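**Student:** The opening residue of the sequence shown carries number 73 in the numbering used here; numbering runs sequentially from there.
The structure's right below; bear with me while I get my questions together.
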Amino acid sequence: MDKIRNIALVGHGKCGKTTMTEAMLYNAGQIKRLGSVADGTTTSDYDSEEIKRTCSINTTVEPVMWKDYKLNIIDTPGFFDYAGDVKAGIRAADSALVVLSGRSGVSVGTEQVYDYAKAKDIPIMFFVNKIDDKHANYEKTLEDMKEKFGKAVTPFVYPIREGDEFKGFVDIVDMTARRYEGTERIDIPVPDGMEDVIAPLRDMIMEAVADTSEELMVKYFEGEPFTFDEIKQAIRNGVKDGSIYPVYCGSGQENIGVRSLMDGIAKYLPAPNEIKEVGRHSDTAEPVELVQSTTELTSAVVFKTIADPYVGKMSLFRVYSGEIKADSTYYNPNKGENERIGKVFTICGKKQTEVKSVKAGDIGCVTKLEFTKTGDTLCDRNKNIILTGIEFPAPVLSMAVTPESKGDEEKIVSGLTRLMDEDPAFALINDPETKQTLIKGQGEQHIDVIVSKLKNKYGVNVVLEEPITPYRETITKTAIVEGKHKKQSGGHGQYGHVKIEFAPGLTEELIFEEKVFGGSVPKNYFPAIEKGLRDSIEHGVLAGYPVVNVKATLLDGSYHPVDSSEMAFKTAASLAYKEGMKQAGPVMLEPIGYLKSYVPENIMGDVIGDINKRRGRIMGMGESDRKGLNLVEAEVPMSEMHKYATDLRAMSGGRGTFTFEFVRYERAPMDVANKIIAAKNTK
C-alpha cells in the first residue's frame, strides 16, 4: 500500500488535465503514442459525448506504473456542469493535483476545485501547465496562487526561457536543471544568471522545511544545511499537513516537466494508509476511525457508476481496508442488503483487466451490482462501518422532456433512471400537476449531455421545453349562486338543485360547510355536493389552473323524491361553482420563491438589477458565510427564474451560487395575469 498514490487530477476546463494524463501513461510506457483530445483518441476521454465535445464529462481512472509506484490518476471534468463527478473523484483520492494554465492563471474553476479538496482535507499539489505558451507568465501565476491559496504555495521548479521559448526548468529542491531538446531531456547545471531568482525560492523551501519540526528549525537558524533525506521527509510531512503546496510547471502537450511531476507525486504525496479516514458505526452512527490495512476486515466505497447499455451497470470502488475478492459476497450497510460480486477488474479508461482481488488502498471495478449506488459502502458483514459518501451539488436548472415519438414515455423514464445511477447530480421528477417529466441538472450543457446520452445509449429522442409554472386561481369577493341540474328523458329523470355561497377561504384547501334548514337538501346528498365542488376546483374559470383559498357554504336547494341522485347533485354543484367563480372576482396567483444569491461584491449592482428585471423584491444584502462572496436575498416570481442559473453564471464568471425555494402564492399583476390567461386559452 505504501507504493500506491491516489491522485484526483482537478482544474478548470481546458487547462490540459486529460493531455497530462496521456503524457503520464506515455512516460510509463503504457501507451505507444500520445492521444489527442481534439482527435478523440485519449485514454481517459473515451465516451462518445466527450469525443464529440472535446472535453471531459466523466471521472475516469488511469493507473500509471511509474518506477516502483502505482499512481492511480483520477481524471475529473473541468466544467461547472460536471461538479458532481469532480466531487466523486476527490472522494476516492488521497491527494489532489490542481492543474492550471500558465496563460490564464487562477480561474474560477481553479478556486472551486481547490475548495473541494480543502473540504475533504487532503494534500494539494499544483502544476502550472502550458508554460510553453509565449503568453504564459509563471511569476504572475505564482503571485495569484499565493494571494488565493496562501503562503503554503511553494514553487519547486522554475522555468528556463530563452527569449520567448520555454527550454526547461530548474528543480529548486535538488538544485539541478533540466533542458529539453525536442523530446530529449538533458540534466545541466543551473544556468548562469538564474541564481538571483532561484536563491529566494530555495530559501522559501528551506523555511517551509524548517517549519515542519523543532529539530529542523534549530538547524536552520544555526546555518547547518539539511540532508536530502531530511528535506524529502520534511516536505512529505509539510505536504501531508497542508503547510506546503508544491508547485511544478511544464507542458502536458509537449510532455515537458511531466516526468519530474510524476517523481514529485511519488516522493511527496502520501500513501493511502497515511491519510485519516473516518466513517460511522452502522448501528450507532458513532464516528469510527478506519485502519487502512490489507489485514483488516474489508471496507470500500463505490465512488462512480457507469451506465453501459451492453455491459450493464459498472461500479468503480476504492478499497480502504481488506480486499474485494472475485466471486464473494459483501454487505451494503446503506441499503441493508448483501451484494454478490462476480468478476473483479482494474480499469484504465475503458480498458478492463480481470484480477482475483483489489486490495486496500487501490481502485477497482465490478459490474451488475443489484442494490449498490454511488456513495454506498461495501464491507465485511462484521465490519459494522459506513464510510463517508459523496455530497453531490443540488440541481439548479429544470427542463421538461417530452418524447418525439408517441409511446416512448416509458423508455424515457427507464433510460433516465439508469443515467441517474451514473450521474446522481441530476434528478428526474414527474410533476403530477403539470403532467410533465422534469430533468433537474447543473446547467444547460449538463442537461444537453443527458438528453444526448439518452438518445445514443437508449435510442430515445426527446424535446426540451421550459417547465410549466404551477399557477393558481382564487376569488376576492363573496357570491351566492344557484345551480340546477334537471333532465327528463323518459323513465327516471335527473334533478339536483343547490344554492351555495362562495367566499375567500383561510386555507389553501377547499372549506365546505352546510347551513341547510328544513331538509330542503337531504343530508345524504351533502357528500356528493362536496365531491362535485372538490372535482371542480381542479380547474379555474380564468385559465384552468387549480383554485385555492375558497370557502363554499351550502345554503339551500331542493330535491325530487324520485329523480334526485348523487350524480345530479354533484352536477348541480359543478354548475354553481362555474357561475360562482365568475361572480366572486377571480384572480390569478403566481408562485413566489425565496432567492439567496451568493455573488462577488463587484457585481452586486448587476445582480440586483437583474433581480429587479425579474420582478423580484430585494429583502436584504450583505456579507455571507461563504468566502469572498456577498449575499443578496430576494423574493422572486418562480416563472422568472427558469434560466437564472445560466444568467448568474455568466454575470459572475462562474463564481456566483444560489438557492431558491418556493415560499407562497401571491396575486399576479394584471398585465402578467392577462398574459397567463391568453397563453393558456390559445392552446
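Idealized CB from N, CA, C, for every residue including glycine.
The model shown is predicted, which means the values in this text are computed figures rather than measured ones.
Below 8 Å on the Cβ atoms is my guess for Val735 versus Glu662; work out the distance and round it to an integer in Å.
**Tutor:** About 12 Å; that fails the 8 Å criterion.
**Student:** List, from N- to C-terminal side, the beta strand (DSSP E) runs of 3 residues or more that fit wholly inside the region 269 to 337.
**Tutor:** 317 to 321
**Student:** Tell me the rounded alpha-carbon separation between Gly107 and Lys202.
**Tutor:** 17 Å
**Student:** Write down the C-beta distance between Ser400 and Ile413 rounded to the nearest angstrom, noting that I regard them as a contact closer than 8 Å.
**Tutor:** Yes, Ser400 and Ile413 are in contact; Cβ-Cβ is about 5 Å, under 8 Å.
**Student:** As a quick exercise: from Val319, Ile145 and Gly161, pick the residue whose alpha carbon is nearest that of Val225.
**Tutor:** Val319
**Student:** Judging by CA-CA distance, which residue of Glu237, Lys192 and Tyr188 is the nearest neighbour of Asn209?
**Tutor:** Comparing Cα positions, the closest option is Glu237.
**Student:** For Leu582 and Ala551, I'd like the C-alpha separation in whole angstroms.
**Tutor:** 16 Å
**Student:** So, for Ile522: in the same chain, excluding its five sequence neighbours on each side, which residues have a beta-carbon less than 8 Å away from its beta-carbon?
**Tutor:** Correct list, in chain order: Leu488, Leu491, Asp495, Phe498, Ile511 and Gly513.
**Student:** Any idea which residues DSSP pairs Ser167 with across the strands?
**Tutor:** Ile79
**Student:** Using a Cβ distance threshold of 8 Å, determine whether the region 91 to 106 contacts the region 129 to 147, with at least three qualifying pairs required.
**Tutor:** yes
**Student:** Am I right that Thr509 and Ile540 are in contact with their C-beta atoms under 8 Å? What's the rounded C-beta distance?
**Tutor:** In fact, because the Cβ distance is near 12 Å, the residues do not count as touching under 8 Å.
**Student:** Who pairs with Glu409 in a beta bridge, going by DSSP?
**Tutor:** Asn404
**Student:** Throw me the rounded Cβ distance for the Ile180 and Gly677 pair, which I believe falls under 8 Å.
**Tutor:** Reading the sequence as shown, one finds Val at residue 180 and not Ile. About 20 Å; that fails the 8 Å criterion.
**Student:** What are the partner residues of Lys142, as DSSP defines its beta bridges?
**Tutor:** According to DSSP, which records beta bridges pairwise, Lys142 is partnered with Ile76 and Met137.
**Student:** Please state the DSSP three-state secondary structure of Met691.
**Tutor:** If DSSP states are grouped into helix, strand and coil, Met691 belongs with the strands.
**Student:** I believe Ala644 touches His564 by the beta-carbon criterion, under 8 Å. Please report the beta-carbon distance rounded to the nearest angstrom.
**Tutor:** About 16 Å separates the two Cβ atoms, so there is no contact after all.
**Student:** Look at Asn406 and Asp448 and say whether their C-beta atoms are less than 7 Å apart.
**Tutor:** yes
**Student:** Taking contact to mean at least 3 C-beta pairs separated by less than 8 Å, is the region 570 to 578 in contact with the region 646 to 656?
**Tutor:** yes
**Student:** Quick one: which unbroken alpha helix (DSSP H) runs of 4-plus residues sit fully inside the region 674 to 735? Chain order, please.
**Tutor:** 676 to 685 and 716 to 724
**Student:** Can you tell which of Asn528, Glu349, Ser470 and Gly222 has the C-alpha that lies nearest to the C-alpha of Ser167?
**Tutor:** Glu349
**Student:** Whole angstroms are fine: how far does the CA of Ile457 sit from the CA of Lys397?
**Tutor:** 19 Å
**Student:** Please specify which runs of the alpha helix (DSSP H), each continuous and at least 4 residues long, are wholly inside the region 209 to 247, giving them in chain order.
**Tutor:** 210 to 221
**Student:** Where Tyr649 and Gly479 are concerned, what is the direct C-alpha to C-alpha distance, given to the nearest angstrom?
**Tutor:** 36 Å
**Student:** Can you name, in chain order, every residue of its own chain whose Cβ lies under 6 Å from the Cβ of Asn327, other than the five neighbours on each side?
**Tutor:** Ala95
**Student:** Might you give, ordered along the chain, the residues of its own chain that have their beta carbon closer than 6 Å to the beta carbon of Met289, omitting 5 neighbours on each side?
**Tutor:** Within its own chain, the residues whose Cβ lies closer than 6 Å to the Cβ of Met289, once the five positions on either side in sequence are excluded, are Ala282, listed in chain order.
**Student:** Lys190 to Arg544, Cα distance in whole Å?
**Tutor:** 45 Å
**Student:** Helix, strand or coil: which one does DSSP assign to Pro149?
**Tutor:** coil
**Student:** Which residues mark the beginning and the end of the beta strand (DSSP E) in which Tyr392 is found?
**Tutor:** Gly384 to Ser393
**Student:** What does a CB cutoff of less than 6 Å around Arg257 pick up in its chain, not counting 5 residues either side in sequence?
**Tutor:** Arg250
**Student:** Measuring alpha carbon to alpha carbon, tell me which of Asp301, Ser477, Asp111 and Val619 ends up nearest Met660.
**Tutor:** Val619
**Student:** Determine, for Gln305, whether the minimum Cβ-Cβ distance to residues of chain E falls below 7 Å.
**Tutor:** Absent here is chain E; the protein component of the structure consists of one chain.
**Student:** Is Gly254 closer than 7 Å to Gly150 when the C-beta atoms are compared?
**Tutor:** Their beta carbons are not under 7 Å apart, which means Gly150 does not touch Gly254 by this criterion.
**Student:** Among the residues of its own chain, which have a CB less than 7 Å from the CB of Thr425, if the five just before and after it don't count?
**Tutor:** Take Thr425, set aside five residues on each side of it, and the residues of its chain with a beta-carbon closer than 7 Å to its own are Phe417 and Thr418, in chain order.
**Student:** Alpha carbon to alpha carbon, how far is Ala466 from Glu738?
**Tutor:** Distance between the alpha carbons of Ala466 and Glu738 is about 26 Å.
**Student:** Under 6 Å Cβ to Cβ from Gly728, same chain only, skipping five residues before and after it: list those, please.
**Tutor:** Val671 and Leu720
**Student:** Between the region 708 to 722 and the region 459 to 474, do three or more beta carbon pairs fall short of 8 Å?
**Tutor:** yes
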